[in-house]
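Chemist: Protein chains in written order, with the numbering used here: chain A, 1432 to 1707; chain B, 7 to 287; chain C, 34 to 494. In this text, a Cβ means the ideal position worked out from N, Cα and C, and glycines have one as well.
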Amino acid sequence: MLANGKGAIRIEHVDKVYDAAGAPVQAISDCSLDIRAGEICMIVGPSGCGKTTLLNAVAGFHDITGGSIWLDDEMLCGPGKPQAQPGPDRVVVFQNGALFPWKTNLENVAFGPVVQGRMSKAAAREKARELMAMAGLSGTENSYPGEISSGVRRRVEIVRALMNDPKVLLLDEPFRALDSLTKSVMHEALLEIYYKNKVTIFFITHDLEEAIFLGQRVAIMTTRPCKPKKVLDVDIPHPRDYSVLTSRRFRELMEETVHAVHEEAVKAFEAGEKEM
Amino acid sequence: MSAAAPAAALATGRTRGREGSALARRVRRAVVSVVVFVLLWELGSRLKWPWVGDAPPPSAVLKVWLPLLTDPGYWYSWYQSSRRVLTGFLFAQLIGIPLGLAMATNRVFNDLTFPVFEVLRPIPPLAWVPAAIIFWPTQESSIAFVTFLGAFFVVVINVLGGAKSIDVRYFQSAYSMGATKWDVFRRIILPATLPSIFVGAAVGMGITWEVVVAAEMISGGGGAIQSSAGGGLGFFIWNSYIGFSYPQIVVGMISIGIAGYISSSIIRAVGVVCTPWLRTR
Amino acid sequence: MDLIVQSLAGESVREHVIALLRSTAPFAALSDKLLGRIAVIATLERVPRGEVIYQVGDPAKDLYVVASGQVRHALGPGAQATVLVKVVGRGDVIGWAALLKDRSRRLAKTTALEESELLKIRGDQLMEVLGDDPVAAQEVLERCAKMIIEDFTVPAWLAQVQVLPTGKAAAGTRAGGASNIRGLALFMHRISKWLQGPTPYLMVVGFALFFGAWYLLSEVFHLWRFASIPGPHQVLIEWLNPNPVYGLSVYSSEYYIHIWSSIRRILIGFTIATAVGVPVGLFLGWSRTFREYVFPVFETLRPIPVLAWVPLAIVMFKSGAETPVIFLATLASFYATALNTMLGVESIDEAYPRAAACLGASKWQIFRHVVIPGALPYIFTGLQISVGVAWFSLVAAEMVSGEYGLGYVINTSYVNVRYPTIVIGMITLGIVGYVTSALVRMAGDYMMQWRVRELALGGRE
């Protein structure tokens, strides 16, 4: 179901070695993952395990040292082209939010089409206003991001991404800084947006509950170097709502995976200790 | 492709090479830029470019500088200026740090003194020179006073800002563990303010050099302080100017630059030692 | 309280209320339409003689307009007012505390001196109505603020400095009005808080102590070395003297010539330094190649104190005393501006350029939409420092070589033993220096509304 959108991402044998600090760090090693068009794929792993590195490679923020990444039939990066070109087909929603604080929310949302030269300023604003109204953000258009609550800010940022009609949304722990109540509201808001747009979602998190609640598939990553340890099919049908959290199937899936995640968390913790 | 193989390969040669090359590139570019700058200066000076044309070429500067290195008079100027800088600087710290801490910790004292302080602060330190000469009995003490003023305001503002921006949770956790007011002052306020104290010291040191040089120059040129104030690098520059030995002006400028650089490096080094928790791993 | 409440359904009563509002200072300038909407949320109450309308410390919910009769308005002991007790009548507005942000309390006790009619308006409802027309609301709140300031011992400069920029912003961006109103209400709240604390009085005491000590030491007791320095009284007399003994006072044209020459030099130096320093700083921060090639030269020259350049500057620019002096001010400004701008670019969270890139912005668009605005806070910090150091260097340069200007005044006054003039020069420098840096700060606030508003909210998160 829902697999009618474009935007399948194929990650093939990707390697990434950092060598900035003098000693090389293998962040990603031989990582392969297929994300189908129009699915929500959740990437779970402890903090610092290298999953953000993987996202950055897909987005084109830095290079990879081996393997290749494909978006549909287009090679984003791979042999002969170490770094992908960032572009509006793969928009990122950042961990701590990256709404430009010096632009109003409306200007932020209208930013993409204007800089791409796809729309006039007026037309972009008109569309931005529409999208914001649909997301229940009317009334915040002329405020600056610093003036609205962090939950609302995250919603504005997701709308800003959708303005570009992307093939893939790359979400990097977008709800990390939110309290759990706001988070639950955001989850339903995200699903609502997803049901309307059917965009492929590549969602990074360290919260297993979030992963299983949102995802059609959950990839649990090993810690540094990062590669899929286990890929879980979440066979709870969409559309979902919060009653899923108390369902038996949800608890079974949690039980099935919590051990694997915990194991990696301990490894990451110990690795962190050693680094100090 | 196995995970371990490339990592091992990278651990040896390539990474070190790349890391080293980044540093090497920076150094190479720095050398290139400074060398080009000096060459342009030499060229401009010789070809009489407008503006640059009247500054002496680096070769002439070097020719004048080398014999000076064995001249005790030259080194005495270094000593004189450094002594003045140190005096003013130390007084500014001795008075400024306690004052800033008192303003930060005592509301009433702050309300009483801060407005007066803010009114005096915009007056540039050198504007105090004549008033200082009238007030203080010796010229040496008036130079010391103006030097002190130069650093004083910066020191107080930094200490005050540092002490006021301490996270209130530190106090709360200290009190919850049974600390007394004195404990909090000594173990929280003092160390937490230390980084700002060093920032203030570094900025203050820079200003102190500016002020000393100007005061010495005014003593030679402007007439406010009679030339008996004696020596110092600022006076050295002014004297060279009066005596038309232009290369020597540049020697003086570079010397002050070096002296200023050394003093701020010392402060930075002391700061690093005193605030080990700020070191990044 | 036993109030007679009258509903405002009838059209004639409504007209009556609008006319009443029109006669008050804060609401005089509003449109009939808006006054009509206010009339809807207002209720008219009759208060018998001797009735206490509200007490000090009561929660402040409503604003009152006196329609008839007389009300005694006595400020409580906490409030530091110029006049503690006053009697208000028709057209006067009382109870403005209801407009303040947060739940505030009454500062005064009000009693009806005779049977009176009061128009009662809920503060929060009023703010809501005003929120729909930000420009008009701004007007109302500014007039309220003025009224409050007249009641209290708020220094006028404080009120002006703070209120004006927000006022302009509201006129410029109509849409931003609603939050400006909140900001102004917050400001009013702060004034009332400030006046209730000891701060303003300690400030006065501090100045009194400073000037008192100076006066006593130098002019009364002639103690020690203080005998030789001019006292505050002597300086003031000379400064304001139509026939100055030493030739310089606010009445002499020469005084303004000196001020203008200094300001002109600062203006030229600061403008050049900003025009060159900001772009250089932006590129230093933005391009690694540029930084690696240019920054070493910058770092080599920077330890040389600007004032050590004086003689060389005279040698380099032979065209009189003017160019070297301006050159020094420019040089000092340039370092501060370029360095802070560079730090500003480096301080930008890397998520911002990345976000712009994945939204499809080109390199140049990222520079324009992300790098420049992102660095603005640092740029303005730099500009503020830059004016300061420009004055610092200018004074020294003018003292050594110069033909006019405040530094020159100070130095020649010393040489010619015109001691009070030295102090006049110093004070003038302080004032002019303060004003220029305040102007830079205001320009910064004007250009960074997003930041002003963020800070006004007290930095959420």
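So, does the CB of Ser83 of chain B fall closer than 7 Å to a CB anywhere in chain C?
Modeler: Start at 1 with the first residue of the second sequence, and residue 83 of chain B comes out as number 77. No, because no Cβ of chain C sits closer than 7 Å to the Cβ of Ser83 of chain B.
Chemist: What is the DSSP secondary structure of Cys1472 of chain A, reduced to helix, strand or coil?
Modeler: Translated into positions along the first sequence, residue 1472 of chain A becomes position 41. Cys1472 of chain A: strand per DSSP, three-state reduction.
Chemist: So which of B:Ser147, B:Ser270, B:Val135 has the shortest CA-CA distance to Ser446 of chain C?
Modeler: The residue labelled residue 446 of chain C in the question sits at position 413 within the third sequence. Cα-wise, what sits closest to Ser446 of chain C is B:Val135.
Chemist: Quick test of your reading: Met409 of chain C and Met481 of chain C, contact by CB under 8 Å. State the CB separation rounded to the nearest angstrom.
Modeler: Here residue 409 of chain C refers to the residue found at position 376 when the third sequence is read from its first residue. Here residue 481 of chain C refers to the residue found at position 448 when the third sequence is read from its first residue. Reading off the sequence shown, one finds Leu at residue 409 of chain C, where the question assumed Met. Leu409 of chain C to Met481 of chain C, Cβ: 6 Å. Contact.
Chemist: Where Ala203 of chain C and Asp1450 of chain A are concerned, what is the direct C-alpha to C-alpha distance, given to the nearest angstrom?
Modeler: For the purposes of this step, residue 203 of chain C is taken as residue 170 along the third sequence, with counting starting at 1. For the purposes of this step, residue 1450 of chain A is taken as residue 19 along the first sequence, with counting starting at 1. Its pLDDT being 37, under 50, Ala203 of chain C is placed unreliably in this model, and the value from its coordinates should be taken loosely. Each residue's Cα considered, the two are about 52 Å apart.
Chemist: Mapping the DSSP letters down to three states, classify Pro1659 of chain A as helix, strand or coil.
Modeler: Here the question's residue 1659 of chain A lines up with position 228 in the first sequence. Of the three classes helix, strand and coil, the one that applies to Pro1659 of chain A here is strand, per DSSP.
Chemist: Going by DSSP in three states, His106 of chain C sits in which element: helix, strand or coil?
Modeler: Position 73 of the third sequence, counted from the first residue, corresponds to residue 106 of chain C. In the structure shown, His106 of chain C sits in a strand (DSSP, three-state: E or B).
Chemist: Distance, Cα to Cα, Thr1688 of chain A vs Ser1460 of chain A?
Modeler: The residue labelled residue 1688 of chain A in the question sits at position 257 within the first sequence. The residue labelled residue 1460 of chain A in the question sits at position 29 within the first sequence. So the two alpha carbons sit approximately 22 Å from each other.
Chemist: Buried or exposed: Phe158 of chain B, going by 16 or more other Cβ atoms within 10 Å of its Cβ?
Modeler: Within the second sequence, the letter at position 152 stands for residue 158 of chain B. It counts as buried.
Chemist: In this structure, does DSSP put Leu1612 of chain A in helix, strand or coil?
Modeler: Here residue 1612 of chain A refers to the residue found at position 181 of the first sequence. Note: Leu1612 of chain A maps to helix in three-state DSSP.
Chemist: Would you mind reading off the limits of the alpha helix (DSSP H) that contains Asp1504 of chain A?
Modeler: Taking the first sequence and counting its residues from 1, the one referred to as residue 1504 of chain A is at position 73. Careful: Asp1504 of chain A lies outside any alpha helix (DSSP H) and carries neither H nor E.
Chemist: Using a 10 Å radius around the Cβ and a threshold of 16 neighbouring Cβ atoms, would you call Arg207 of chain C buried or exposed?
Modeler: Position 174 of the third sequence, counting from 1, holds the residue named residue 207 of chain C. With a pLDDT of only 37 at Arg207 of chain C, under 50, the local geometry of the prediction cannot be trusted, and no value is derived from it.
Chemist: The alpha helix (DSSP H) that contains Asp1461 of chain A, what's its start and end?
Modeler: Translated into positions along the first sequence, residue 1461 of chain A becomes position 30. No alpha helix (DSSP H) holds Asp1461 of chain A; the beta strand (DSSP E) holding it covers 1456-1466.
Chemist: Please identify the residue among A:Pro1513, A:His1690, A:Pro1656, A:Lys1552 whose C-alpha is closest to the C-alpha of Lys1482 of chain A.
Modeler: For the purposes of this step, residue 1482 of chain A is taken as the residue at position 51 of the first sequence. Ranking A:Pro1513, A:His1690, A:Pro1656, A:Lys1552 by Cα distance to Lys1482 of chain A puts A:Pro1656 first.
Chemist: What number of angstroms, rounded off, separates the C-alpha of Cys1462 of chain A from the C-alpha of Ala1488 of chain A?
Modeler: Counted from its first residue, the first sequence places residue 1462 of chain A at position 31. Counted from its first residue, the first sequence places residue 1488 of chain A at position 57. Cα to Cα, Cys1462 of chain A sits roughly 12 Å from Ala1488 of chain A.
Chemist: Counting along the chain, where does the alpha helix (DSSP H) carrying Tyr97 of chain C start and finish?
Modeler: The sequence position of residue 97 of chain C within the third sequence is 64, counting from 1. Counting along the chain, Tyr97 of chain C falls outside any alpha helix (DSSP H), though it belongs to the beta strand (DSSP E) covering 95-101.
Chemist: Taking a cut of 8 Å between CB atoms, which residues from the region 402-420 of chain C lie near chain A?
Modeler: From the region 402-420 of chain C, only His402, Val403, Pro406, Gly407, Leu409 have a Cβ closer than 8 Å to chain A.
Chemist: Can you check which of these residues, C:Arg258, C:Met375, C:Gly122, C:Gly466, is closest to Ile139 of chain B by C-alpha distance?
Modeler: Numbered from its first residue, the second sequence carries residue 139 of chain B at position 133. Selected option, being the one with the closest Cα: C:Arg258.
Chemist: At which residues does the alpha helix (DSSP H) containing Ser261 of chain B begin and terminate?
Modeler: For the purposes of this step, residue 261 of chain B is identified with residue 255 of the second sequence, where counting begins at 1. Start and end: 252-280.
Chemist: Name the chain C residues whose beta carbon is nearer than 8 Å to that of Arg1607 of chain A?
Modeler: Here residue 1607 of chain A refers to the residue found at position 176 of the first sequence. Correct list: empty, because the minimum Cβ distance to chain C is about 13 Å.
Chemist: Can you give me the C-alpha to C-alpha distance between Gly205 of chain C and Ser87 of chain B, rounded to a whole angstrom?
Modeler: Here residue 205 of chain C corresponds to residue number 172 of the third sequence, with the count starting at 1. Here residue 87 of chain B corresponds to residue number 81 of the second sequence, with the count starting at 1. Note that Gly205 of chain C has pLDDT 36, beneath the 50 cutoff, so the model's placement of it is unreliable and the number below is only indicative. When rounded, the distance between both Cα atoms is 54 Å.
Chemist: Spatial neighbours of Tyr452 of chain C within its chain, please: C-beta separation below 6 Å, excluding the five flanking residues on both sides.
Modeler: By one-based count along the third sequence, residue 452 of chain C stands at place 419. Here the set comprises Pro263.
Chemist: Name, going along the chain, the residues of the region 264-283 of chain B whose beta-carbon falls closer than 8 Å to a beta-carbon of chain C.
Modeler: Flagged, chain order: Ile264, Gly266, Tyr267, Ser270.
Chemist: By how many angstroms is the C-alpha of Glu1701 of chain A removed from the C-alpha of Leu1486 of chain A?
Modeler: Numbered from its first residue, the first sequence carries residue 1486 of chain A at position 55. Numbered from its first residue, the first sequence carries residue 1701 of chain A at position 270. Cα to Cα, the separation comes out at about 24 Å.
Chemist: Out of A:Glu1443, A:Lys1629, A:Arg1441, A:Glu1470, point me to the one whose CA is closest to Gln1647 of chain A's CA.
Modeler: Residue mapping note: residue 1647 of chain A aligns to position 216 of the first sequence, counting from 1. Out of A:Glu1443, A:Lys1629, A:Arg1441, A:Glu1470, A:Glu1470 has the C-alpha closest to the C-alpha of Gln1647 of chain A.
Chemist: Between which residues of its own chain and Leu1530 of chain A is the CB-CB distance below 8 Å, once the five residues before and five after are set aside?
Modeler: Your numbering for residue 1530 of chain A matches position 99 in the first sequence. Hits under 8 Å: Asn1536, Asn1539, Pro1576, Arg1584, Val1587, Glu1588, Arg1591.
Chemist: List the endpoints of the continuous alpha helix (DSSP H) containing Arg123 of chain C.
Modeler: By 1-based counting over the third sequence, the position of residue 123 of chain C is 90. Run containing Arg123 of chain C: none; DSSP gives neither H nor E here.
Chemist: Please determine, among A:Pro1544, A:Asn1573, A:Lys1629, the residue with the shortest C-alpha to C-alpha distance to Trp1533 of chain A.
Modeler: Your numbering for residue 1533 of chain A matches position 102 in the first sequence. Among A:Pro1544, A:Asn1573, A:Lys1629, the Cα nearest to that of Trp1533 of chain A is on A:Asn1573.
Chemist: Does Pro1668 of chain A have its Cβ less than 7 Å from a Cβ in chain C?
Modeler: As a position in the first sequence, residue 1668 of chain A is number 237, starting the count at 1. Chain C, which has no Cβ nearer than 7 Å to the Cβ of Pro1668 of chain A, makes this no.
Chemist: Does the distance from the CB of Val104 of chain C to the CB of Ala145 of chain C come in under 7 Å?
Modeler: Position 71 of the third sequence holds residue 104 of chain C. Position 112 of the third sequence holds residue 145 of chain C. Yes; because the gap between Cβ atoms is below 7 Å, this pair is in contact.
Chemist: In this structure, how does DSSP classify Gly1601 of chain A when only helix, strand and coil are distinguished?
Modeler: In the first sequence, counting from the first residue as 1, residue 1601 of chain A sits at position 170. A quick correction: the sequence has Leu, not Gly, at residue 1601 of chain A. Looking at Leu1601 of chain A - three-state DSSP - the assignment turns out to be strand.
Chemist: So Glu216 of chain B contacts chain C; which residues on that side make the cut at Cβ distance below 7 Å?
Modeler: Along the second sequence, one-based indexing puts residue 216 of chain B at 210. The contacting residues are Pro338, Val339, Leu340.
Chemist: Answer with yes or no whether the minimum CB distance from Trp227 of chain C to chain B is below 7 Å.
Modeler: To locate residue 227 of chain C, count along the third sequence from 1; it is residue 194. Not an interface residue.
Chemist: Tell me, please, which residues DSSP counts as bridged to Met1652 of chain A.
Modeler: For the purposes of this step, residue 1652 of chain A is identified with residue 221 of the first sequence, where counting begins at 1. Met1652 of chain A is bridged to A:Pro1659.
Chemist: With C-beta atoms as the reference, is Leu439 of chain C less than 7 Å away from Thr454 of chain C?
Modeler: Translated into the one-based positions of the third sequence, residue 439 of chain C becomes position 406. Translated into the one-based positions of the third sequence, residue 454 of chain C becomes position 421. Not in contact: Leu439 of chain C and Thr454 of chain C (Cβ atoms no closer than 7 Å).
Chemist: So for Leu45 of chain B, helix, strand or coil by DSSP?
Modeler: Reading the second sequence from its first residue, position 39 is the one you call residue 45 of chain B. Note: Leu45 of chain B maps to helix in three-state DSSP.
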